[in-house]
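In structure tokens, the structure reads:
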């Protein structure tokens, strides 16, 4: 079945620097790759997604890249701000018609 | 739109008790799902529904029942609560399955 590995589990960056989180997967039938942000005490919030026919998508300071050959996709946050501190989850949707989540990355932005 | 709503926000149960976690959405989404979130394990799918009258099991269905009598509601029933069911429970809805929107969660403690 589908499996997704997310790294790193924790990430600490200085405010203004960039942060990158990477996920790898095994199921070549996966065709939709969302990223969720979860703030303390809240539900996950969809922040950006990409479909398998696109290599990169950008929305202001966040971007997602997809390499289908190598089976990995990444979240890039530029010019990080304190409000970017949260737990980020990658996920994928594939042949089993279910959303499978990575283990999460706790991102801390240091002022 | 209220989006996805969940009640209660917090619940404490004794081992062996039963209860129902409520989930409702007002977006006319066909697909609804329940996840549990445990530290270090991301979100794991419990049950899901692709439309009224249709439900199916996810990754961790044991000890839980669901029903989908209307498009709007998708309650999760704990039949006989166990300490292993202490977790945070999230309900999500989606127009087609892949792009899912989450509720605020229910934090359940079983003693």
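Residue numbers (my numbering), protein chains in the order written: chain A, 4 to 114; chain B, 54 to 164. Glycine included, C-beta positions come from ideal geometry on N, C-alpha and C.
Between residue i and residue j, how many whole angstroms is the CB-CB distance? I'm expecting something under 8 angstroms.
{"i": "residue 73 of chain B", "j": "residue 129 of chain B", "result": "7 angstroms"}
{"i": "residue 77 of chain A", "j": "residue 67 of chain A", "result": "7 angstroms"}
{"i": "residue 134 of chain B", "j": "residue 70 of chain B", "result": "5 angstroms"}
{"i": "residue 93 of chain B", "j": "residue 106 of chain A", "result": "7 angstroms"}
Can you tell me which residues form a DSSP beta bridge with residue i?
{"i": "residue 71 of chain A", "result": "The partner list for residue 71 of chain A (beta bridge, DSSP) is empty, contrary to what the question assumes."}
{"i": "residue 113 of chain A", "result": "A:17"}
{"i": "residue 103 of chain A", "result": "A:95"}
{"i": "residue 118 of chain B", "result": "B:130"}
{"i": "residue 40 of chain A", "result": "A:48 and A:91"}
{"i": "residue 109 of chain B", "result": "B:101"}
{"i": "residue 62 of chain A", "result": "A:65"}
{"i": "residue 3 of chain A", "result": "Outside the modelled stretch of chain A, which goes from 4 to 114, sits residue 3 of chain A, for which no answer is possible."}
{"i": "residue 78 of chain B", "result": "B:57"}
{"i": "residue 72 of chain B", "result": "B:131"}
{"i": "residue 65 of chain B", "result": "B:162"}
{"i": "residue 85 of chain B", "result": "B:102 and B:146"}
{"i": "residue 108 of chain A", "result": "A:91"}
Less than 7 angstroms between C-beta atoms, sequence neighbours within five positions excluded: which residues of the same chain meet that for residue i?
{"i": "residue 42 of chain A", "result": "89"}
{"i": "residue 114 of chain A", "result": "18 and 85"}
{"i": "residue 140 of chain B", "result": "89, 90, 91 and 161"}
{"i": "residue 37 of chain A", "result": "49, 52 and 94"}
{"i": "residue 87 of chain A", "result": "80, 110 and 112"}
{"i": "residue 105 of chain B", "result": "121, 122, 123 and 124"}
{"i": "residue 61 of chain B", "result": "159"}
{"i": "residue 64 of chain A", "result": "80, 81 and 82"}
Among the options, whose alpha-carbon lies nearest the alpha-carbon of residue i?
{"i": "residue 153 of chain B", "options": "B:54, B:67 and B:80", "result": "B:80"}
{"i": "residue 71 of chain A", "options": "A:91, A:28 and A:83", "result": "A:28"}
{"i": "residue 138 of chain B", "options": "B:119, B:115, B:122 and B:156", "result": "B:115"}
{"i": "residue 100 of chain A", "options": "B:135, B:110, B:134 and B:117", "result": "B:110"}
{"i": "residue 104 of chain A", "options": "B:95, B:112 and B:60", "result": "B:95"}
{"i": "residue 46 of chain A", "options": "B:56, B:113 and B:164", "result": "B:56"}
{"i": "residue 57 of chain A", "options": "A:87, A:11, A:69 and A:63", "result": "A:69"}
{"i": "residue 112 of chain B", "options": "A:60, A:106 and A:102", "result": "A:102"}
{"i": "residue 108 of chain B", "options": "B:97, B:62 and B:126", "result": "B:126"}
{"i": "residue 112 of chain A", "options": "A:81, A:92, A:44 and A:59", "result": "A:81"}
{"i": "residue 91 of chain A", "options": "A:25, A:15, A:61 and A:40", "result": "A:40"}
{"i": "residue 99 of chain B", "options": "B:66, B:60 and B:117", "result": "B:117"}
{"i": "residue 143 of chain B", "options": "B:68, B:54 and B:78", "result": "B:78"}
{"i": "residue 59 of chain B", "options": "B:105, B:158 and B:65", "result": "B:158"}
{"i": "residue 103 of chain B", "options": "B:97, B:82 and B:62", "result": "B:82"}
{"i": "residue 62 of chain A", "options": "A:75, A:74 and A:79", "result": "A:79"}
{"i": "residue 74 of chain A", "options": "A:11, A:26, A:10 and A:16", "result": "A:26"}
{"i": "residue 75 of chain B", "options": "B:119, B:97 and B:67", "result": "B:119"}
Taking 6 angstroms as the limit between beta carbons, can you name the residues of its chain near residue i, skipping five residues before and five after?
{"i": "residue 13 of chain A", "result": "109"}
{"i": "residue 21 of chain A", "result": "81"}
{"i": "residue 64 of chain B", "result": "161"}
{"i": "residue 155 of chain B", "result": "143 and 145"}
Among the residues of its own chain, which have a CB less than 8 angstroms from the CB of residue i, if the five just before and after it don't count?
{"i": "residue 16 of chain A", "result": "22, 83, 110, 111, 112 and 113"}
{"i": "residue 171 of chain B", "result": "With chain B running from 54 to 164 in the structure shown, residue 171 of chain B is simply not present."}
{"i": "residue 98 of chain A", "result": "5, 30, 32 and 33"}
{"i": "residue 59 of chain A", "result": "53, 66, 67, 68 and 69"}
Kindly confirm or deny that the stretch 72 to 87 of chain B and the stretch 137 to 152 of chain B touch, where touching means at least three C-beta pairs closer than 8 angstroms. yes
Inter-stretch contact at 8 angstroms, needing at least 3 Cβ pairs: the stretch 5 to 15 of chain A / the stretch 29 to 40 of chain A: yes
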